[in-house]
Amino acid sequence: MRKIFAVALTGLVIAALTIRVSHIQTAGGSVAGPQFTADGKLVRPEGYRRWVFVSSGLGMSYSQKASDDMQMFTNVFVNPASYDYFLAHGTWPDKTIFVLELYGSTSQGSINKHGNYQTGFMGLDVEVKDEKRFADKWAYYGFNSNEKTASPNTPGKNDCWQCHDQNAAVEHSFVQFYPELLKVAREKGTIKPTVHLEDKK
Numbered sequence: 027m028r029k030i031f032a033v034a035l036t037g038l039v040i041a042a043l044t045i046r047v048s049h050i051q052t053a054g055g056s057v058a059g060p061q062f063t064a065d066g067k068l069v070r071p072e073g074y075r076r077w078v079f080v081s082s083g084l085g086m087s088y089s090q091k092a093s094d095d096m097q098m099f100t101n102v103f104v105n106p107a108s109y110d111y112f113l114a115h116g117t118w119p120d121k122t123i124f125v126l127e128l129y130g131s132t133s134q135g136s137i138n139k140h141g142n143y144q145t146g147f148m149g150l151d152v153e154v155k156d157e158k159r160f161a162d163k164w165a166y167y168g169f170n171s172n173e174k175t176a177s178p179n180t181p182g183k184n185d186c187w188q189c190h191d192q193n194a195a196v197e198h199s200f201v202q203f204y205p206e207l208l209k210v211a212r213e214k215g216t217i218k219p220t221v222h223l224e225d226k227k
């Protein structure tokens with residue numbers, strides 16, 4: 027009788043752990059890496075707002091000709107497994123996914139008197155590292171508010187790809203704009219020597 031009870035108890039513990047792991051994976055969003063349709067389109071990442079928040083920017087542009095008329099907020103998220111890997115190694119593993127939200131901004135509303143806050147959703151950019159799928163390892167996608175799937179920006183080495191390749195501090199990620207990750211990259215020595223940083227301490 028005791029043996030039967032012990033076996034039953036073990037089964038309950040295993041089942042509980044399985045449910046717990048499943049819950050953690052669901053709560054943290056997709057942990058299986060980027061998902062693609064049969065025809066090669068990227069499925070819009072679900073639950074990314076439960077991923078690791080990396081940083082935000084306001085009105086950032088890499089062009090001298092950028093207009094100040096419409097400054098947007100950008101919020102950057104990365105999938106948790108890739109974030110943990112970066113903390114340990116200072117580089118990004120295969121299947122890394124970055125999500126960059128675009129929101130409008132305003133300084134006038136409610137009781138606000140100074141500074142800017144985020145307003146309406148304007149789009150979603152996604153960066154994926156998939157070494158088997160992409161000859162150039164990284165690919166870039168854009169989603170509007172309603173799109174569930176998207177094709178990669180073309181050609182493979184498009185303006186986004188080239189800008190990230192030439193200017194991003196670590197691989198294709200602008201770690202120089204993410205202060206906590208920049209600390210890790212400096213500790214691990216993974217910052218590209220050719221990349222311009224205002225402070226290379």
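Residue numbers (this note's numbering): 27 to 227. The C-beta atom is built at its ideal place from N, Cα and C for all residues, glycine as well.
For residue i, which residues of its own chain have a beta-carbon under 8 Å away from its beta-carbon, when the five flanking residues on both sides are left out?
i	result
L113	V210
E173	R70
Q97	L84, G85, S131, N142
What does the Cβ neighbour count give for residue i, buried or exposed, with the cut at 16 atoms within 10 Å?
i	result
P60	buried
S171	exposed
S108	buried
K163	buried
Q202	buried
H115	exposed
K158	exposed
F273	With the chain running from 27 to 227 in the structure shown, residue 273 is simply not present.
A53	Because A53 sits at a pLDDT of 43, beneath the cut-off of 50, its placement in the model cannot be relied upon, and the following sentence gives the value as read from the coordinates. Counting Cβ neighbours within 10 Å, A53 comes out exposed, since fewer than 16 surround it.
E72	exposed
Assuming residue i and residue j form a contact by the criterion Cβ under 8 Å, report the distance between their Cβ atoms to the nearest whole angstrom.
i	j	result
L84	N138	With a Cβ gap of about 14 Å, L84 and N138 do not count as contacting.
V80	Y204	5 Å
Y74	F103	5 Å
Y166	N184	7 Å
If we ignore side chains and look at the alpha-carbon of each, how far apart do residue i and residue j end up?
i	j	result
E206	S136	32 Å
P219	Q134	42 Å
M86	T132	15 Å
W77	F160	24 Å
T63	F169	15 Å
E224	D191	18 Å
K155	G66	14 Å
P181	V196	22 Å
I123	H140	34 Å
G215	W187	23 Å
Y129	Q144	6 Å
Tell me which residues share the same chain as residue i and place their Cβ nearer than 7 Å to its Cβ, disregarding the 5 neighbours each side in the sequence.
i	result
S177	K67
D120	K155, D156, E157
I'd like the list of long-range same chain contacts for residue i, defined as Cβ closer than 6 Å, with 5 residues on each side in sequence excluded.
i	result
V221	A195
Give, in chain order, every unbroken run of the beta strand (DSSP E) that is at least 3 residues long and sits entirely within the stretch 107 to 168. 123 to 132, 143 to 155
I'd like the ranges of any alpha helix (DSSP H) spanning at least 4 consecutive residues and lying wholly in the stretch 180 to 221. 185 to 193, 205 to 214
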